[in-house]
Amino acid sequence: MLSIQPSSPKKHTPNLLPARINHNGRIPTTPHHWTPTTDEKGTRHVHFRGRHLHGTTLPLPATHTGAILLVTDKPAPPAPAKCLDEDADADGDGDMDEVPEDVKIAEQIGEFDELVVWGHGGTVDEGDMYIRGVREWIGFAASMHCDDEDGQGEGKLQTNGAEAS
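In structure tokens:
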């Protein structure tokens, strides 16, 4: 389990590229390798490794926040002890079977409210697996965390003004 410790997060925009890069570490950023531009229609363009990519911006709903985390090996301080009583015992045998969880600290080093999905030869459409996956995940999370009394728990998701079931 992770305990998120906010610091002074900087604003970022994650980019999903249609490429496989076999590198696992930091690289110096340089305008020579990555300089996205926006045309007069609002479409993002970039040339990456000789290929022309078109970007589609996918905003997160106002109720969601994207966080970029750095998971550390530092343990989180223990939570305050709860009041122990017979009602707190789940199986009713009088002993507390709870094992303390190993909670590590994750530092929030960045945040975002949109991400860009890049595609070859044209903009990415709504049927793209990443765009569809993010929209379905947000709809699933919303249906899990809402009350049925609100009328929102019927499995419906608003996408670009259209209602989907």
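The numbering of the sequence shown is full-length UniProt numbering, which starts it at 1 and goes up by one.
Ideal placement from N, C-alpha and C gives every residue a C-beta, glycine not left out.
- Ile138 has its alpha-carbon roughly 29 Å from the corresponding atom of Trp34.
- Excluding residues up to 5 positions away in sequence, Pro14 and Leu58 lie with their Cβ nearer than 6 Å to the Cβ of Leu115 in the same chain.
- Here DSSP, grouped into helix, strand and coil, assigns Arg49 to coil.
- Taking each of Ile21, Glu101 and Lys10 in turn and checking the Cα distance to Phe48, the smallest one comes out for Ile21.
- Here the segment 125 to 137 does not lie against the segment 68 to 79, with fewer than 3 beta-carbon pairs under 8 Å apart.
- Secondary structure note for Glu136: its alpha helix (DSSP H) is the uninterrupted segment Met129 to Met144.
- Val103 places its beta carbon less than 8 Å from that of Met1.
- In this structure, the straight-line span from the alpha carbon of Gly50 to that of Glu101 is close to 48 Å.
- Restricting attention to beta strand (DSSP E) runs no shorter than 3 residues, the UniProt region "Disordered" (22 to 41) encloses none.
- In the three-state scheme derived from DSSP, where H, G and I count as helix and E and B as strand, Val116 is classed as strand.
- Partner residues in the beta bridge of Ile4, as assigned by DSSP, are Ala106.
- Using a Cβ distance threshold of 8 Å, Ile109 and Pro9 count as a contacting pair.
- Here Thr56 is buried, its C-beta having at least 16 other C-beta atoms within 10 Å.
- The three-state reading of DSSP puts Ala67 in strand, counting E and B together.
- Residues of the same chain with a CB within less than 8 Å of the CB of Asp39, apart from the 5 flanking positions on each side, are His45 in chain order.
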